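As they're listed, the protein sequences go chains A and B. Note that our numbering has the first sequence beginning at 1, numbered continuously upward. Note that our numbering has the second sequence beginning at 1001, numbered continuously upward. Beta carbons are placed, not taken as given, at the ideal position from N, Cα and C, and that holds for glycine. Note that this is a predicted model, so its numbers are computed, not measured.
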Amino acid sequence: MSVERAGETVPETVVEEIRELPKRFQPGSRSAVMPALDLVQEELGYLTPAAMSQVAEALEIDPGYVEGVASFYSLFHLEPVGKHHFYVCNNLSCQLRGAEEILTHLKDAIGVGEYGEISQDGLFSCEPVECLGACEYAPVLRYHHRFHYDLTDAAVDKLIAAARGKRRDGKD
Amino acid sequence: MAKTELRGSHGPAPDHVLTRWIGIENLARIGVYEKQGGYRSWKKAMTELEPAELTNEVKISGLRGRGGAGFPTGIKWGFLPPPDGGPRFVVVNADESEPGTAKDRYLMENNPHQLVEGILIACRAVSAQQAWIYIRGEYDLQHLAVQAAIDEARAAGYIGEKPYGVDFPVDIQLFRGHGAYICGEETALLESLEGKRAQPRSRPPFPAVKGAWGRPTLLNNVETLSTLPWIIEKGGAEYAKFGTEKSHGTRLFTVSGDVRKPGNYEMELGRPFRDLIEGMAGGARPGRKIKAWWPGGSSAPVLTGDLLDTPSDLEALAAAGSMGGSGGVIVADDTRCVVRMAYRLMQFYARESCGKCTPCRVGGNWAVRTYERVLSGHGTADDLALFDRVQSGLAAGRCLCGLGDAAGWVIQWTMARFREEYEEHCLRNECSVEGGGRAQPLPSTAASGDLPPPEGRKLAHA
Ligand SMILES: Cc1cc2nc3c(=O)[nH]c(=O)nc-3n(C[C@H](O)[C@H](O)[C@H](O)COP(=O)(O)O)c2cc1C
Ligand code: FES
């Protein structure tokens, strides 16, 4: 597999940012852990053990605690994901409007057999998620920090093509 | 990208309290919001009324929490102990994760200043100088919209050291959630805000006394707080004119699923659901009949299609055998298998259990496995009894929070109200609704590895 290996650690500039986070919260609290993990995941794509140790050190708490928090929340990835990761809602309101078919189509289109698997080219992965809170636009997915509504197979294909740099207008 | 089509109530109407200004171009910008009359209530709250009067106005309004439990808002405000000089917090529940519920998102992206103004009013009423908005991590654009509104309000001096020259420094900050339904439960939310795994706390002490970072904390839902500017502007008595004797005001319902016009619709409490589902949301698809509907998110017991005339107030819903819950109305028509829908919801509760209470952690998975066995054509009469036992192990308040109850109710009430579909599956391994008499394959998300081996029974679809 030609998955691009993300770096194992975050650069010192990010560590600096993490050190500043606790100032936003009540003194002595651990509230900075999740915002810190956010910075790491934005940088690396997922949370490596080495980066979680960096967070622990920067916030002066134990790494086990950091991983304990990271592993509780589904938006944190402890394993690598594709460069383009799709969160596809398949809770009831979306399922009633075809989410299951969208998921099947998406898996085929990016060429993976399982949720969470990364495509051969390292570009894509997807996972089913619970209600995204946009049920009036079902079926819905979240992709690169934004929602896509009223999904159809064609709309999914368009997102994938754009990500592959095959946009007809030649951009990207 | 094309502008997203607004799906829901907007514009002036006699019973549009929350949505009266939605649809006005650039309402998210402070100048436009002010032009409608925005932030006048905040000014009134700071310059004309005492904090106790604010609470009193909300008590008179009869407003009840829109997050799920329906607790009277003014009374909750009164639970905070008198200020002792230490920090106090208002925490805004913007975690909105109840299946079928999108109305807080609608309010935040379309009218973020209304929420900010409501938060400020609540801060003043309970003498809290710091508010935290706990917003689910998937709401990226809504996060930006609310942050922009806060920044504008700060630049205008509404948030800051001395709003309107009054010595009441106040601030609002956002905290991003990370994908866990349980964070909507108020004490789990507080744990998460404190940087922990989100597992509910046992109560008492209640958050009003010991909430965020051990300090007195008021927790309210986005919709609850968004109602406050209207109440302070027009008076609690005016708000109380809407609704029924015990359920005052209006509510923003999300209608989704098998309807022609899904959306977020504001309606006076007490009006029948038929007005909402068949009127505003356009009713069932052509040629279809509504068979089942969840009136208050997936955690509210399912109701049958013949009950659409049920009034929308909390009391009428309780009398009909359900509850108001989150206001998320999920509609399913006569092409849908109830057992399959219950299975989907059960997967949700099993996955989202935080694991702290054993009945919920273990019971949910038992239920999922049972559904998978039955739906894949291996049901037996024993499974009917098993569903019952699993259900009673989950519900009845055996867990610290409502998640376990809700999981149990999914089984209990789908089975009580659609018994024949369960019997068909369990006794005959058939589905006359979706499968044309045959059990259908499980969806791709099934944990089918856990399925027991066939018990010498013929697969219905084999
Ligand atoms: C499992 C569970 C999930 C909940 N999810 C939410 C939610 O997403 N948003 C919300 O406002 N309230 C949610 N609640 C209700 C909150 O615990 C709390 O009652 C509410 O936020 C209080 O605000 P209100 O009085 O303004 O309604 C949930 C409760 C439970 C038990
Ligand atoms: S069920 Fe998909 S957004 Fe709510």
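Can you tell me whether residue i is buried or exposed, with buried defined as 16 or more other CB within 10 angstroms of its CB?
i, result
"B:N1490", "In the structure displayed, chain B extends from 1001 to 1462; residue 1490 of chain B sits before or after that span and is not available."
"B:R1064", "buried"
"B:P1094", "Sequence check: residue 1094 of chain B is Ala here, not Pro. Answer is buried; the Cβ neighbour count reaches 16."
"B:I1231", "buried"
"B:G1157", "exposed"
"A:R24", "exposed"
"B:K1241", "exposed"
"B:E1096", "buried"
"A:G130", "The sequence given here has Glu at residue 130 of chain A, not Gly. The residue is buried, with at least 16 neighbouring Cβ atoms inside 10 Å."
"A:D169", "Here A:D169 scores only 47 on pLDDT, less than 50, and its place in the model should not be relied on; the value that follows carries that caveat. So A:D169 counts as exposed."
"B:Q1173", "exposed"
"B:N1026", "exposed"
"B:D1313", "buried"
"B:G1296", "buried"
"A:Q95", "buried"
"A:S71", "exposed"
"A:L151", "buried"
"A:R146", "exposed"
"B:K1003", "exposed"
"B:D1258", "buried"
"B:K1035", "exposed"
Could you tell me the alpha carbon to alpha carbon distance between residue i and residue j, rounded to whole angstroms?
i, j, result
"A:D8", "A:G45", "Before going on, a small fix: residue 8 of chain A reads as Glu here, not Asp. The straight-line gap from Cα to Cα measures roughly 10 Å."
"B:Y1139", "B:A1198", "19 Å"
"B:A1367", "B:S1376", "14 Å"
"B:V1091", "A:L75", "22 Å"
"B:P1112", "B:R1136", "15 Å"
"B:S1444", "B:G1037", "51 Å"
"B:H1178", "A:Y73", "5 Å"
"B:S1353", "B:E1186", "15 Å"
"B:D1151", "B:R1029", "11 Å"
"B:G1062", "B:F1168", "27 Å"
"A:G165", "B:G1321", "54 Å"
"B:L1193", "B:Y1134", "7 Å"
"B:L1386", "B:L1394", "12 Å"
"B:G1235", "B:A1153", "24 Å"
"A:A174", "A:A138", "Outside the displayed span of chain A (1 to 172) sits residue 174 of chain A, for which this structure offers no information."
"A:A36", "A:Q54", "10 Å"
"B:E1424", "A:S119", "41 Å"
"B:R1336", "A:A50", "48 Å"
"B:Q1114", "A:E43", "34 Å"
"B:P1082", "B:T1217", "12 Å"
"B:R1373", "B:A1342", "14 Å"
Is residue i helix, strand or coil when you go by DSSP?
i, result
"A:P139", "coil"
"B:Q1173", "strand"
"A:Q54", "helix"
"B:T1467", "Chain B is shown only over 1001 to 1462; residue 1467 of chain B falls outside these bounds and no answer can be derived."
"B:E1096", "coil"
"B:Y1139", "coil"
"B:V1365", "Note on identity: in this sequence residue 1365 of chain B is Asn, with Val being the wrong assignment. Looking at B:N1365 - three-state DSSP - the assignment turns out to be helix."
"B:E1053", "helix"
"B:E1268", "strand"
"A:C89", "strand"
"B:R1064", "strand"
"A:T152", "coil"
"B:G1263", "strand"
"B:G1243", "strand"
Pull up the DSSP beta-bridge partners for residue i, would you.
i, result
"A:H84", "A:F124"
"A:Q95", "According to DSSP, A:Q95 bridges with nothing at all."
"B:S1256", "B:I1330"
"B:I1290", "B:D1333"
"B:Q1130", "B:F1089 and B:D1171"
"B:R1274", "BP columns for B:R1274 are empty, so no partner."
"B:P1311", "B:P1272"
"A:V129", "A:C89"
"B:H1248", "B:G1243"
"B:L1303", "B:W1293"
Applying a beta-carbon distance threshold of less than 7 Å, which residues of chain E neighbour residue i?
i, result
"A:P128", "Of the chains in the structure shown, none is chain E; the protein chains are A and B."
Contact between the region 1315 to 1335 of chain B and the region 1162 to 1172 of chain B (3+ Cβ pairs under 8 Å): no
Segment contact, 8 Å Cβ cut-off, at least three pairs: the region 1383 to 1392 of chain B with the region 1356 to 1373 of chain B: yes
Touching by the beta-carbon criterion (3+ pairs, under 8 Å), the region 86 to 95 of chain A and the region 127 to 143 of chain A: yes
Cβ contact check for the region 1260 to 1269 of chain B and the region 1011 to 1029 of chain B: 3 or more pairs under 8 Å: yes
Meets three-Cβ-pair contact criterion under 8 Å: the region 1206 to 1222 of chain B and the region 1041 to 1049 of chain B: no
Touch test, the region 1214 to 1229 of chain B against the region 1115 to 1134 of chain B, Cβ-Cβ under 8 Å, three pairs minimum: yes
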